[in-house]
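**Student:**
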Amino acid sequence: MADQPTKPTQASLNKKAAQTTSYKPSGVSATGRKARSFAIRLWSVRNARFLEWFYARFADAFLMLHPMWKAVGYERAEAPVKFVEKHVKGFLFDCRMCGQCVLSSTGMSCPMNCPKQLRNGPCGGVRANGNCEVEPDMPCVWVQAWSGANRMKGRDNILNVQKPVDQSLRETSSWLRVTANAAAEREAAANPGMPQ
Ligand code: SF4
Numbered sequence: 005m006a007d008q009p010t011k012p013t014q015a016s017l018n019k020k021a022a023q024t025t026s027y028k029p030s031g032v033s034a035t036g037r038k039a040r041s042f043a044i045r046l047w048s049v050r051n052a053r054f055l056e057w058f059y060a061r062f063a064d065a066f067l068m069l070h071p072m073w074k075a076v077g078y079e080r081a082e083a084p085v086k087f088v089e090k091h092v093k094g095f096l097f098d099c100r101m102c103g104q105c106v107l108s109s110t111g112m113s114c115p116m117n118c119p120k121q122l123r124n125g126p127c128g129g130v131r132a133n134g135n136c137e138v139e140p141d142m143p144c145v146w147v148q149a150w151s152g153a154n155r156m157k158g159r160d161n162i163l164n165v166q167k168p169v170d171q172s173l174r175e176t177s178s179w180l181r182v183t184a185n186a187a188a189e190r191e192a193a194a195n196p197g198m199p200q
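Okay, so the sequence shown: first residue is 5 according to our numbering, each after it adds one.
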C-alpha cells in the first residue's frame, strides 16, 4: 500500500515561510549584526565631541587638497577614497555607505542602521530599555543619536530636517561630495559674478 502523504507540521510550515519570504520575525536580526559592532558604534557616540572636532579638521584638510582632487579628477579619485571611507566609517559607525552622510547631525550615530532607515528621529517602537523594536539586542540608533548630539558643539543640528535618502548616491563617497560642494561654494563666494 502506498504511504499516505503526511500533514505538514506548523514547524515545517514556519521553516518554509522563512525560506520563501523576506519577512523575519521580531527577535531575529535581519542583518546578523554583531555585538562587537555595537560596542564600537557606542564608543563613537560616547566620543561624539572628539569625532566632531576631528572631522572638522579632516574636512578642512580634504578641502585643502581640492586642487589635487581636481587635477586627478573627482571621478577617478572616487574608487580609492570610497574604499578608505567605507572601511574607516564601517569600523567606527557601522556605515552603510548611503553617500549622504548626516553623522554630524545625528550625534555620530548612523541612522542607516535603523531597520526602518528613519532619518528624522525614532519610530514609536523604542523599547523601555532604549533598544530597537525590530532588533531587540540593538540599541535604538536614535536614542544613541540624541545622547551623542548632546555631547557635541553642534548639538542643535539634530533638529535639522533631513531630506529623504537619494538612493542614486548609495555606495559613493560622502567625503568627496562634501569637498566638491564646499570648493564650489568657496569659488562662488570668491567670484560672485561668475556663472557656476
Ligand atoms: S549616514 Fe550614510 S554615509 Fe554616514 S555613516 Fe551612515 S550610511 Fe554611512
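We put the CB at the ideal spot given by N, CA and C, even for glycine. For clarity, every value in this text was computed on a predicted model and none was experimentally measured.
Which two residues bound the contiguous alpha helix (DSSP H) that contains GLU79?
**Tutor:** If you number the sequence shown from 1, residue 79 lands on position 75. Here the alpha helix (DSSP H) through GLU79 covers 78-97.
**Student:** For ligand 1, is there any heavy atom lying closer than 8 Å to the beta carbon of GLY152?
**Tutor:** As a first step, residue 152 is located in the sequence shown; it is residue number 148 there, counting from the start. Not under cutoff, so the answer is no.
**Student:** Classify ARG123 as buried or exposed, calling it buried when 16 or more other Cβ atoms lie within 10 Å of its own Cβ.
**Tutor:** Within the sequence shown, numbered from 1, the residue matching residue 123 stands at position 119. Looking at its Cβ environment, which holds 16 or more other Cβ atoms inside 10 Å, ARG123 is buried.
**Student:** GLY134: beta carbon under 8 Å from a heavy atom of ligand 1?
**Tutor:** Stepping through the sequence shown from its first residue, residue 134 is reached at position 130. GLY134 Cβ: outside cutoff for every heavy atom of ligand 1.
**Student:** Would DSSP call ASN135 helix, strand or coil?
**Tutor:** The residue labelled residue 135 in the question sits at position 131 within the sequence shown. The answer is strand: DSSP assigns ASN135 an E or B state.
**Student:** Helix, strand or coil: how does DSSP classify PRO143 here?
**Tutor:** Residue numbering aside, residue 143 sits at position 139 when the sequence shown is read from its first letter. Reduced to three states, the DSSP call for PRO143 is strand.
**Student:** Considering only the alpha carbon of each residue, which of PHE97, MET101, PRO168 and THR176 lies closest to ALA149?
**Tutor:** Translated into positions along the sequence shown, residue 149 becomes position 145. Among PHE97, MET101, PRO168 and THR176, the Cα nearest to that of ALA149 is on PHE97.
**Student:** Determine contact between the region 131-147 and the region 172-188, defined as no fewer than three beta-carbon pairs at a distance below 8 Å.
**Tutor:** At 8 Å Cβ cutoff, the stretches do not touch.
**Student:** Would you be able to state if there are at least three C-beta pairs under 8 Å between the region 70-81 and the region 107-127?
**Tutor:** Result no; under three Cβ-Cβ pairs closer than 8 Å.
**Student:** What are the boundary residues of the alpha helix (DSSP H) that includes LEU55?
**Tutor:** Your numbering for residue 55 matches position 51 in the sequence shown. First-last of the alpha helix (DSSP H) with LEU55: 52-68.
**Student:** Let me make sure I understand the geometry here. Which of VAL106, GLY197, ALA65 and ALA43 has the alpha-carbon closest to that of PHE95?
**Tutor:** In the sequence shown, the residue the question calls residue 95 occupies position 91. Of the candidates VAL106, GLY197, ALA65 and ALA43, the one whose C-alpha sits nearest the C-alpha of PHE95 is ALA43.
**Student:** Closest to MET101 by C-alpha separation, out of LYS90, VAL85 and CYS136, would be which residue?
**Tutor:** Position 97 of the sequence shown, counting from 1, holds the residue named residue 101. If we check each option's Cα against that of MET101, LYS90 comes out closest.
**Student:** Which value, in whole angstroms, describes the spacing of the CA atoms of ARG190 and TRP47?
**Tutor:** Here residue 190 refers to the residue found at position 186 of the sequence shown. Here residue 47 refers to the residue found at position 43 of the sequence shown. When rounded, the distance between both Cα atoms is 34 Å.
**Student:** Sort PHE58, ARG61, SER113 and SER172 by Cα distance to CYS144 and report the nearest one.
**Tutor:** As a first step, residue 144 is located in the sequence shown; it is residue number 140 there, counting from the start. Ranking PHE58, ARG61, SER113 and SER172 by Cα distance to CYS144 puts SER113 first.
**Student:** Within this structure, are the beta carbons of THR183 and PHE54 separated by less than 9 Å?
**Tutor:** The residue you call residue 183 lines up with position 179 of the sequence shown. The residue you call residue 54 lines up with position 50 of the sequence shown. It is not a contact, given that the beta carbons lie outside the stated cut-off.
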